[in-house]
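Engineer:
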Amino acid sequence: MSSIQRVLLNPSLGEALTRQPRQHTSCLPPANETKLHPSSSADENASLMFVGNATTILEWEGVRLMTDPNFLHAGDHVHLGPGVTSVRLKNPAIDLHDLPRIDAVLLSHYHEDHFDRDVEASLRRSLPIISTPHAKAHLSSKQEGEAFTAVYDLNIYQSLMLDIKPNPSSSSQMREFAAIKVTAMPGKHVPPGILSTVNDFIEAVPPVNGWMLELGYLTSHLAPDDAFKCGYRIYISGDTLMIDELKCIPERYGDKNIDLMLIHLGGTTIPGPNMPLLMVTMDAFQGLQLLQLVNPDITIPIHYDDYDVFRSPLRDFKQAS
Numbered sequence: 001m002s003s004i005q006r007v008l009l010n011p012s013l014g015e016a017l018t019r020q021p022r023q024h025t026s027c028l029p030p031a032n033e034t035k036l037h038p039s040s041s042a043d044e045n046a047s048l049m050f051v052g053n054a055t056t057i058l059e060w061e062g063v064r065l066m067t068d069p070n071f072l073h074a075g076d077h078v079h080l081g082p083g084v085t086s087v088r089l090k091n092p093a094i095d096l097h098d099l100p101r102i103d104a105v106l107l108s109h110y111h112e113d114h115f116d117r118d119v120e121a122s123l124r125r126s127l128p129i130i131s132t133p134h135a136k137a138h139l140s141s142k143q144e145g146e147a148f149t150a151v152y153d154l155n156i157y158q159s160l161m162l163d164i165k166p167n168p169s170s171s172s173q174m175r176e177f178a179a180i181k182v183t184a185m186p187g188k189h190v191p192p193g194i195l196s197t198v199n200d201f202i203e204a205v206p207p208v209n210g211w212m213l214e215l216g217y218l219t220s221h222l223a224p225d226d227a228f229k230c231g232y233r234i235y236i237s238g239d240t241l242m243i244d245e246l247k248c249i250p251e252r253y254g255d256k257n258i259d260l261m262l263i264h265l266g267g268t269t270i271p272g273p274n275m276p277l278l279m280v281t282m283d284a285f286q287g288l289q290l291l292q293l294v295n296p297d298i299t300i301p302i303h304y305d306d307y308d309v310f311r312s313p314l315r316d317f318k319q320a321s
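In terms of the working numbering, the sequence shown opens at residue 1 and continues consecutively.
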């Protein structure tokens, strides 16, 4: 019997991403720059598009997962907490309303630079969203017609299986069924100690999850989750600092390869760029520590240079690593 929650994704339904779609688009636009890994492989079956900030779109086996949707433009402001605002410095690679079908959203935390107000107002209410209990409480408790109806919350180390329904037009005999196992990983947006205790009380900075995504297959949609065979593993750090809890990653996955890491950087400082008193996301130095700890095959830095509260640019991480 399955021990984790199962959610069925059916891409063939072709449901629009937004409540009032402006146009029908079936594919993502071509990227400004494309890199292949492994560079010599001819059988790639997945792609990852970087949109900006922490927004990416993973496409595999007919489904698209979007992380931390933020589509504000340069000059737009976000509210990040009591007395804390930030200005976006760059435009996203694509506009929200120009996106094709998205099958699910992975939301690391309920913060405007990861889930902006236009995104919140525009997304289809039945769109599956996987996030924190804090985010679910906000997204599911709105008035009738405004509440999101398919929000799944995961506490640290809890997992959820996204079963992918095969395309009914496929004539091939299915022997394996694609699925994505999502596991919530530790993350802390505020340094441990008195500041964290105060933040827990006043809820100025929301709790955050990282994610471990395992792309793989089951022998049937009815197969128990322990029959799942992972073929590719992606770790997404979320907006965390380098904390002791992250040491669980090599402890839990020491005998399992981590193929790709998406690492949130930026060295975000609050209350703002003119008064950088507290760092709440990893800078280049902490990012290098996490890179050495996790030891993935590939690392893709995200969440950098997009907002004026980011004090650690991408070039610092490149130089450090």
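For every residue, glycine included, the Cβ atom is placed at its ideal position computed from N, Cα and C.
1. Unbroken alpha helix (DSSP H) runs of length 4 or more, entirely within the region 197-282: which are they?
2. Starting from glutamate 120 and walking both ways along the alpha helix (DSSP H), at which residues does that stretch end?
3. May I ask you to list the residues that DSSP assigns as paired with lysine 136?
4. Arginine 6 lies in the beta strand (DSSP E); which residues open and close that run?
5. What residues in its chain sit with their C-beta under 7 Å from that of leucine 160, if we drop five residues either side in the sequence?
6. What residues in its chain sit with their C-beta under 8 Å from that of proline 296, if we drop five residues either side in the sequence?
7. Near proline 191, which residues of its chain fall below 7 Å by C-beta distance, leaving aside the five closest residues on each side in sequence?
8. DSSP state of serine 312, grouped into three classes?
9. If you draw a straight line from the C-alpha of leucine 36 to the C-alpha of isoleucine 57, how long is it?
10. Give me whichever residues DSSP pairs with proline 301 in a beta bridge.
11. Could you check where the alpha helix (DSSP H) with valine 84 kicks off and where it finishes?
12. Give the straight-line distance between the Cα atoms of methionine 279 and threonine 132, rounded to the nearest whole angstrom.
13. If distances are taken between C-alpha atoms only, which option among Ile270, Leu277 and Ile263 comes closest to leucine 290?
14. Spatial neighbours of arginine 311 within its chain, please: CB distance less than 8 Å, with the 5 preceding and 5 following residues excluded, ordered by chain position.
15. Can at least three beta-carbon pairs, one atom from the region 300-310 and one from the region 250-257, be found at a separation below 8 Å?
16. Less than 8 Å between the beta carbons of threonine 149 and serine 122, yes or no?
17. Whose C-beta lies closer than 6 Å to the C-beta of arginine 22 among residues of the same chain, with five residues either side of it excluded?
18. Pick helix, strand or coil for phenylalanine 342, following the three-state DSSP scheme.
19. Taking valine 182 as part of the beta strand (DSSP E), name the residues at either end of that continuous run.
20. Can you give me the start and stop residues for the beta strand (DSSP E) that threonine 56 sits inside?
21. Taking its Cβ as the centre, do 16 or more other Cβ atoms sit within 10 Å of glycine 287, making it buried, or is it exposed?
22. Would you please state the rounded distance, in angstroms, between the beta carbons of alanine 54 and isoleucine 302? I believe it to be under 8 Å.
23. Tell me which residues share the same chain as alanine 46 and place their Cβ nearer than 6 Å to its Cβ, disregarding the 5 neighbours each side in the sequence.
24. If the criterion is Cβ atoms closer than 8 Å, does the pair leucine 215 and tyrosine 232 meet it?
25. Are the Cβ atoms of isoleucine 243 and leucine 9 separated by less than 8 Å?
26. Does any C-beta atom of chain C lie closer than 8 Å to the C-beta of glycine 14?
27. What is the C-beta distance between glycine 187 and valine 208, in whole angstroms, given that I count them as a contact (C-beta under 8 Å)?
28. Would you tell me roughly how many angstroms separate the C-alpha atoms of leucine 246 and leucine 106, rounded to the nearest one?
29. Report the rounded CA-to-CA distance for glutamine 319 versus serine 220, giving the unit in angstroms.
30. Is it the case that the Cβ atoms of arginine 124 and arginine 19 are separated by a distance below 8 Å?
Structural biologist: According to the structure shown:
1. 248-253
2. 117-122
3. According to DSSP, which records beta bridges pairwise, lysine 136 is partnered with nothing at all.
4. 5-9
5. Ile4, Gln5, Val7, Ile130, Tyr152, Leu154 and Val182
6. Tyr235, Ile258, Asp259, Leu260 and Met261
7. Leu241
8. strand
9. 16 Å
10. Ile263
11. Counting along the chain, valine 84 falls outside any alpha helix (DSSP H), though it belongs to the beta strand (DSSP E) covering 84-87.
12. 22 Å
13. Ile263
14. Gly266, Gly267, Thr268, Thr269, Pro273, Pro276, Met279 and Asp283
15. no
16. no
17. His97
18. This structure cannot speak to residue 342, because the chain is shown only from 1 to 321.
19. 177-185
20. 55-60
21. buried
22. 5 Å
23. Trp60
24. yes
25. no
26. Absent from the structure is chain C; it holds one protein chain and no more.
27. 4 Å
28. 19 Å
29. 47 Å
30. yes
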